[in-house]
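Chains C and A are the protein sequences, given in the same order.
Positions in the first sequence are counted from 1; adding 424 to them yields the numbering used here.
Positions in the second sequence are counted from 1; adding 92 to them yields the numbering used here.
Each residue gets a CB set at the ideal place from its N, CA and C atoms; glycine is no exception.
Owing to the predicted nature of the structure, the values given are computational and were not obtained by experimental measurement.
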Amino acid sequence: MAELNQKERMKIKRHDMPNQDQVVRRGNFEEVALGYTEETARIEAERCLQCKEPKCTRGCPVGVMIPQFIKALREGDMVKAVEWMKVKNNLPAICGRVCPQEVQCEGSCILTKKGEAVAIGRLERFVGDYELANRTCPLVKAPRTGKRVAVVGSGPAGLTCAVDLGRQGHEITMFESLHGPGGVLVYGIPEFRLPKGVVHGEISYAVECLGIDIKTDHIIGRSFTLEELLADYDAVFLGTGAGLPSFMRIPGINLNGVMSANEFLTRVNLMKAYKFPEFDTPVKIGKKVAVVGGGNVAMDAVRCSLRLQALQARQSGGEPGEAHIVYRRSADEIPARTEEYHHAREEGVIFDLLTNPIEIIGDDKGRVKTLRCVKMELGEPDASGRRKPVTIPGSEFEMEMDTVIMALGTSPNPLVFVDADGLERTRHGTAVADNETGRTKKQRVWAGGDIVTGAATVISAMGAGKRAATDMNNFLKGEAPWA
Amino acid sequence: MYTIVRKEVLSDVTKLMDIEAPHVARKARAGQFIIVRIDEHGERIPLTIADYNRDAGLITIIFQEVGKSTKQLGKLEPGDAVASFAGPLGHPTDIENFGTVVCVGGGVGIAPIYPIAKELKAAGNTVISIVGARNRDLLFWEEKMKAVSDELIVCTDDGSYGRKTVVTEPLKEILGDARRKISRVWAIGPAIMMKFVAAATRPFQVPTTVSLNTIMIDGTGMCGGCRVLLDDGARFVCVDGPEFDGHKVDWENLLSRLQFYREEERIAMQAYDHKCKLEAAVEGGK
Ligand SMILES: Cc1cc2nc3c(=O)[nH]c(=O)nc-3n(C[C@H](O)[C@H](O)[C@H](O)COP(=O)(O)OP(=O)(O)OC[C@H]3O[C@@H](n4cnc5c(N)ncnc54)[C@H](O)[C@@H]3O)c2cc1C
Ligand SMILES: Cc1cc2nc3c(=O)[nH]c(=O)nc-3n(C[C@H](O)[C@H](O)[C@H](O)COP(=O)(O)OP(=O)(O)OC[C@H]3O[C@@H](n4cnc5c(N)ncnc54)[C@H](O)[C@@H]3O)c2cc1C
Ligand code: SF4
Ligand code: SF4
Ligand code: FES
Numbered sequence: 425m426a427e428l429n430q431k432e433r434m435k436i437k438r439h440d441m442p443n444q445d446q447v448v449r450r451g452n453f454e455e456v457a458l459g460y461t462e463e464t465a466r467i468e469a470e471r472c473l474q475c476k477e478p479k480c481t482r483g484c485p486v487g488v489m490i491p492q493f494i495k496a497l498r499e500g501d502m503v504k505a506v507e508w509m510k511v512k513n514n515l516p517a518i519c520g521r522v523c524p525q526e527v528q529c530e531g532s533c534i535l536t537k538k539g540e541a542v543a544i545g546r547l548e549r550f551v552g553d554y555e556l557a558n559r560t561c562p563l564v565k566a567p568r569t570g571k572r573v574a575v576v577g578s579g580p581a582g583l584t585c586a587v588d589l590g591r592q593g594h595e596i597t598m599f600e601s602l603h604g605p606g607g608v609l610v611y612g613i614p615e616f617r618l619p620k621g622v623v624h625g626e627i628s629y630a631v632e633c634l635g636i637d638i639k640t641d642h643i644i645g646r647s648f649t650l651e652e653l654l655a656d657y658d659a660v661f662l663g664t665g666a667g668l669p670s671f672m673r674i675p676g677i678n679l680n681g682v683m684s685a686n687e688f689l690t691r692v693n694l695m696k697a698y699k700f701p702e703f704d705t706p707v708k709i710g711k712k713v714a715v716v717g718g719g720n721v722a723m724d725a726v727r728c729s730l731r732l733q734a735l736q737a738r739q740s741g742g743e744p745g746e747a748h749i750v751y752r753r754s755a756d757e758i759p760a761r762t763e764e765y766h767h768a769r770e771e772g773v774i775f776d777l778l779t780n781p782i783e784i785i786g787d788d789k790g791r792v793k794t795l796r797c798v799k800m801e802l803g804e805p806d807a808s809g810r811r812k813p814v815t816i817p818g819s820e821f822e823m824e825m826d827t828v829i830m831a832l833g834t835s836p837n838p839l840v841f842v843d844a845d846g847l848e849r850t851r852h853g854t855a856v857a858d859n860e861t862g863r864t865k866k867q868r869v870w871a872g873g874d875i876v877t878g879a880a881t882v883i884s885a886m887g888a889g890k891r892a893a894t895d896m897n898n899f900l901k902g903e904a905p906w907a
Numbered sequence: 093m094y095t096i097v098r099k100e101v102l103s104d105v106t107k108l109m110d111i112e113a114p115h116v117a118r119k120a121r122a123g124q125f126i127i128v129r130i131d132e133h134g135e136r137i138p139l140t141i142a143d144y145n146r147d148a149g150l151i152t153i154i155f156q157e158v159g160k161s162t163k164q165l166g167k168l169e170p171g172d173a174v175a176s177f178a179g180p181l182g183h184p185t186d187i188e189n190f191g192t193v194v195c196v197g198g199g200v201g202i203a204p205i206y207p208i209a210k211e212l213k214a215a216g217n218t219v220i221s222i223v224g225a226r227n228r229d230l231l232f233w234e235e236k237m238k239a240v241s242d243e244l245i246v247c248t249d250d251g252s253y254g255r256k257t258v259v260t261e262p263l264k265e266i267l268g269d270a271r272r273k274i275s276r277v278w279a280i281g282p283a284i285m286m287k288f289v290a291a292a293t294r295p296f297q298v299p300t301t302v303s304l305n306t307i308m309i310d311g312t313g314m315c316g317g318c319r320v321l322l323d324d325g326a327r328f329v330c331v332d333g334p335e336f337d338g339h340k341v342d343w344e345n346l347l348s349r350l351q352f353y354r355e356e357e358r359i360a361m362q363a364y365d366h367k368c369k370l371e372a373a374v375e376g377g378k
């Protein structure tokens, strides 16, 4: 394409990404968003104004070199595009798919003011998928340093930290309590949003190139304690996430048919319950499902519910049923990625907004029958800056439901703190660690990701893993001793 | 992969296995459990640590074949391996010298009660054990139990061995015997048995510890599927238990939650039987 001027660039419309048909996709677990073709990626890349002081980069939690990779992409130099990408982000195929771009890079893009942002996330995904298929930017291990590092937890924080330290020549052992690595990327986020092949591809590649040893089924705090790791390793990184579910304190939460989103999503994603009985783990989904919450976790749970209902209806005939989001604030406050919210709407999710459950009522067999709720209205802004929902007196009403899934946020699992004297914790159960270096209050122990911030995002966890790896490497080389 | 190094058939439906899992054996204690997954398609099922050998890195499990996963596990032989084996999970049993204690084991619950009785005995308690099963064929470890108990009572539902009664009968007699002064009772077995043991000890106000067998997935506090209702709210059996005060447990809720996946368990079993038959037919045709 001939060189365009600013005006011409701004005339190009933002390109939609093709999606699987909204009716068809309701009945399968295959990826919804199909990705750009090379041609659309190139034209979309032409929209970027190559700002001298790119706002987009400042909006990205890890500062991805956005104009640089986009420039290489539109010049057709994919190898270069991947290189620019990887300066800051090891896992673009994942971030391109799951980052909440509208509040990060794209939300800050200069074009947002004048129309629509450059589709940075989609371009990033395009670059990431190219790298997955072609491996033009191989991971290389520096000469061995003889230093041993233990990385606890194999989610995005742990993986990023392990890869960066592995490249520096350190010997890395990862400990993961579940039977497979990946953290939320495999047990939480569903196949139709982030294909597991992408995650496994990235992990096995890193393991191969850097010789990382991943010990699954190892629960730190039970199989080994932190103290024991410190005796065996020169440094320890904790990336155990925030995996503990919370339940509402309302009557009826222990009825059959009430579960945490974690349980539901783990059954479906990690254990592949949507392929039961080919896979052994079952999941029970009713005809009327209420998912309580409005974040990514809630959207994932409700969209999995819809799909399971459709699969069930196909097998046994009958109507697929209904899947609801029950959320106490309004649509404007929904914290989920905008794209997921739209996809959920397209797929037929029913949104009961400004609605809060107060009781779950069971039948004589102890199974969920009715969800009692109240209507809410928005009052004054609260600490998070969002308007606080308050109950409308006398607004109680009931909805017939047979499944209630709680997606109310999570907190760090305390197991890793067992026998870990000196590892300080906040009132919320998160680990206290320095934001820049990841150093905790315990010598030779670093932490990052959801264990420090509470439930956050994939890219912020990766950023924390990367910053910690930098400091750990300096420490291991003797350049940054523990004060 | 974790290799099965020894297998013992305790009854038609009860099997013992020693599995190589040094990372579990190094810390295992009585009262804790593991989670095993047989293969890439398998579910994660919890089993109690019946015994362990730290030096050899071995964990002993004993299981009753009640459904698809336990049947499939029962078919494996020494030299075979399972895909995942995680633990030790849950809190170990709180062992002290309490005085005179009663250990009740029902069915496959005899396996997990054994190490507890053994440690209680070693701590200086007078240990009375009661073991029961539906019939003689389902009983095992009588000799082992005898060796760690001051007194052993054996019963079967059908009277094919020992006393013809359920475990709560001798328990009530012992509790009613003023000379005995029972300070604590442990009960492990089917949920319904533990419910009745708790009901039997309640009037005597004897503290009663039960080991709950809720449905689990991760075993690390991450899913909440294992939650149980106590007097003062919900707990996660995998991390807060598995042992609880039997007088505080909402047994109706527990029993109904155990039933939740009944239909799916039946479908899994059917699909597995079908597959086994097909394989047998292919074998036979060779
Ligand atoms: C359903 C769902 C959807 C989400 N969607 C998005 C999204 O679209 N975009 C986005 O940016 N973010 C999303 N998030 C948030 C994001 O996934 C997390 O912020 C991120 O995964 C945190 O990474 P982490 O490495 O800190 O922890 P995790 O990914 O939680 O990984 C922690 C790992 O540590 C292991 N572990 C825990 N305790 C121990 C122990 N004691 N010993 C050994 N191992 C242990 C766990 O099993 C786990 O594998 C979502 C989260 C969920 C649950
Ligand atoms: C802490 C704990 C310790 C246990 N220890 C032992 C033991 O030492 N020996 C032994 O024989 N059994 C033990 N159990 C029970 C054992 O886990 C179940 O029998 C097994 O999961 C059944 O699986 P299945 O596929 O063969 O049968 P299914 O057909 O799936 O189920 C049969 C029965 O097992 C229960 N069950 C099903 N899935 C699970 C699950 N994931 N977790 C727990 N229970 C389930 C169901 O309520 C049902 O009543 C223990 C359970 C717990 C929670
Ligand atoms: S990592 Fe996420 S926030 Fe950063 S540029 Fe990529 S998509 Fe945007
Ligand atoms: S702010 Fe937008 S237009 Fe400017 S460099 Fe970044 S992506 Fe391109
Ligand atoms: S088994 Fe998942 S929380 Fe207990």
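Simplified DSSP state of C:ASN897, which is helix, strand or coil: Of the three classes helix, strand and coil, the one that applies to C:ASN897 here is helix, per DSSP.
Cβ of C:SER647 within 8 Å of any chain A Cβ: yes
Cutoff 8 Å: A:CYS315 Cβ touching any chain C Cβ: yes
Where C:VAL564 falls: helix, strand or coil (DSSP): coil
Proximal chain C residues relative to A:ALA175, where beta-carbon distance stays under 8 Å: Against chain C, a Cβ distance below 8 Å from A:ALA175 picks out HIS603.
Near ligand 5: A:ASP310 beta-carbon under 7 Å from a heavy atom: yes
Cβ-Cβ distance between C:PRO516 and C:GLY552 below 8 Å: yes
Contact with chain A by C:HIS852, beta-carbon distance below 8 Å: no
Distance between A:GLU235 and A:PRO204 (C-alpha atoms, nearest Å): 15 Å
Any non-hydrogen atom of ligand 2 closer than 7 Å to A:PRO184 Cβ: no
Own chain partners of C:VAL564 with C-beta closer than 8 Å, once the 5 adjacent residues on each side are dropped: Same-chain partners within the cutoff: ARG591, CYS633.
Interfacial residues, the region 698-714 of chain C to chain A, with Cβ spacing under 8 Å: PHE700, PRO701, GLU702, PHE703, ASP704, THR705, PRO706, LYS708
Below-8 Å beta-carbon distance, A:GLU356 vs any chain C residue: yes
Burial state of C:ASP756, where buried means 16 or more other Cβ atoms lie within 10 Å: Classification of C:ASP756: exposed, given that the 10 Å Cβ count is below 16.
Proximity below 8 Å, CB of C:PRO669 to CB of C:ASN693: In this structure, C:ASN693 does not lie closer than 8 Å to C:PRO669 by Cβ.
Beta carbon nearer than 5 Å to a non-hydrogen atom of ligand 2: A:PHE125, A:ILE137, A:PRO138, A:LEU139, A:THR140, A:PHE155, A:GLN156, A:VAL158, A:GLY159, A:LYS160, A:SER161, A:THR162, A:VAL200, A:ASN305, A:ILE307, A:MET308, A:PRO334, A:LEU350, A:GLU357
Range covered by the alpha helix (DSSP H) that runs through A:TYR206: Counting along the chain, the alpha helix (DSSP H) containing A:TYR206 begins and ends at 202-214.
heavy atom of ligand 5 below 7 Å from A:PHE328 C-beta: yes
A:ARG129 Cβ short of 7 Å to ligand 1 heavy atom set: Outside the cutoff, so no.
Any C-beta of chain C under 8 Å from that of A:THR312: Judged by the 8 Å Cβ criterion, A:THR312 is in contact with chain C.
Alpha helix (DSSP H) segment containing C:LYS789, residue limits: That residue, C:LYS789, is in no alpha helix (DSSP H); it is neither H nor E in DSSP.
Nearest-angstrom beta carbon gap, C:MET800 and C:PRO813 [assumed within contact, 8 Å]: About 4 Å; that satisfies the 8 Å criterion.
Nearest candidate by alpha-carbon position, reference A:GLU135, set A:ILE284, A:VAL331, A:ALA175: A:ALA175
Residue nearest to C:TYR611 in terms of C-alpha spacing, selected from C:SER647, C:GLY665, C:SER628, C:ARG646: C:GLY665
Backbone secondary structure at C:HIS748 - three-state DSSP: strand
Segment limits, alpha helix (DSSP H) that includes C:LYS479: 479-483
Chain A contact for C:LEU735 (CB, 8 Å cutoff): no
Cutoff 6 Å; reference A:GLY224; Cβ partners in own chain excluding five residues on either side: GLY198, CYS247, VAL259
Local Cβ density within 10 Å of C:PRO759, reported as buried at 16 or more and exposed below that: buried
Cβ-based burial, A:GLY268 [other Cβ within 10 Å; buried from 16]: Answer is exposed; the Cβ neighbour count stays below 16.
Residue-level contact to chain A via CB, C:ILE782, 8 Å cutoff: no
DSSP-derived helix/strand/coil call for C:VAL488: coil
For C:GLU626, the nearest candidate out of C:ASP843, C:ARG796, C:ALA543, C:THR584 (CA to CA): C:THR584
Proximity below 8 Å, CB of C:GLY663 to CB of C:ILE875: Yes, these two residues count as a Cβ contact at 8 Å.
Closer than 7 Å: A:MET314 CB and nearest ligand 5 heavy atom: At a threshold of 7 Å, A:MET314 counts as near ligand 5, since its beta carbon sits closer than that to one of the ligand's heavy atoms.
Range of the contiguous beta strand (DSSP E) that encloses A:TYR144: 143-145
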